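Numbering (the working numbering), first residue to last: 489 to 741.
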Ligand code: MN
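Below is the structure:
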């Protein structure tokens, strides 16, 4: 099996190293990742400048672009083979509910939706995920491996990806897997108002909102209860159940 691996925390991130290391037990791993952190870049593609992949000493490709750039480049010119599976992560922090709209980790997996195989985004959920070293990702990497080892029996529609969130902590504390729907966050916290060194007012975007819908069946709930959350996602943003209402409205215009 040939894996293409990326992330949004950058080519030096410990979660990327942990994931690549774990997947190398299952097959050939190629890493194409942003040269620096691009969290929150969603599906952005860089159209205003060229992208230059630079091979690192460990064999990873570093790209001066976004996570979606990395996968786009890898699949449409950089690599001379078609990977079987694209895995993105392991992100340092959860990608739950509305986070998935902003997440570069999820976007890298989504950029692979044209491949025949499903792609997967993996995130480490919990307050410690921001500061831990590669060892902190070991359990999440093991869970990713468990999913991929059983990939053959998964039946999914085309253009679907799996968004996986693993609660932080030792492997023994993980209670199992749960299929989930996305929950929802409330409104984000206020932006920080700061003063730059030259006395001008600047702002820094604050933390995401607290979970608002973290009810039964959601990804928030599964992670809070110690389960690995697995949410199938699609790129189709159409609100299908609103089609009749809009059709009725348009008829009389
Ligand atoms: Mn990130």
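The C-beta atom is built at its ideal place from N, Cα and C for all residues, glycine as well.
These numbers come from a predicted model, not from an experiment.
Comparing alpha carbon positions, the residue from 577, 528, 527, 557 closest to residue 539 is 557. For residue 680, the enclosing beta strand (DSSP E) begins and ends at 680-683. The C-beta of residue 685 has fewer than 16 other C-beta atoms within 10 Å across all chains shown, which makes the residue exposed.
Within the chosen limit of 7 Å, the ligand MN reaches the beta carbon of residue 496 through at least one heavy atom.
With a threshold of 7 Å, the Cβ atom of residue 621 does not count as near the ligand MN, since no heavy atom of the ligand is closer than that.
Per the coordinates, the alpha-carbon of residue 541 lies some 47 Å from the alpha-carbon of residue 732. The straight-line gap separating the alpha-carbon atoms of residue 728 and residue 735 is approximately 11 Å. For residue 528, the three-state secondary structure derived from DSSP is coil. DSSP, reduced to helix, strand and coil, places residue 688 outside both helices and strands of the structure shown, so it counts as coil. By alpha-carbon distance to residue 533, the top candidate from 580, 555, 696, 614 is 555. Under DSSP, residue 728 forms no beta bridge with any residue. In the DSSP secondary-structure assignment, residue 673 is bridged to 699. In this structure the segment 568-579 touches the segment 603-612; the number of beta carbon pairs closer than 8 Å is three or more. Taken in chain order, the complete alpha helix (DSSP H) segments of 4 or more residues contained in the segment 598-665 are 626-637.
Taking residue 568 as reference, the option from 678, 676, 490 with the minimal CA-CA separation is 490. Restricted to the segment 509-580, the beta strand (DSSP E) segments that are unbroken, complete and at least 3 residues in length are 516-522, 549-551, 573-580, listed in chain order. Per DSSP, the continuous alpha helix (DSSP H) segment holding residue 711 begins and ends at 707-712. With a threshold of 7 Å, the Cβ atom of residue 580 counts as near the ligand MN, since some heavy atom of the ligand is closer than that.
The Cβ-Cβ distance between residue 504 and residue 633 does not fall below 8 Å.
Here the distance from the Cβ of residue 534 to the nearest heavy atom of the ligand MN is not below 7 Å. The C-alpha of residue 570 lies about 52 Å from the C-alpha of residue 687.
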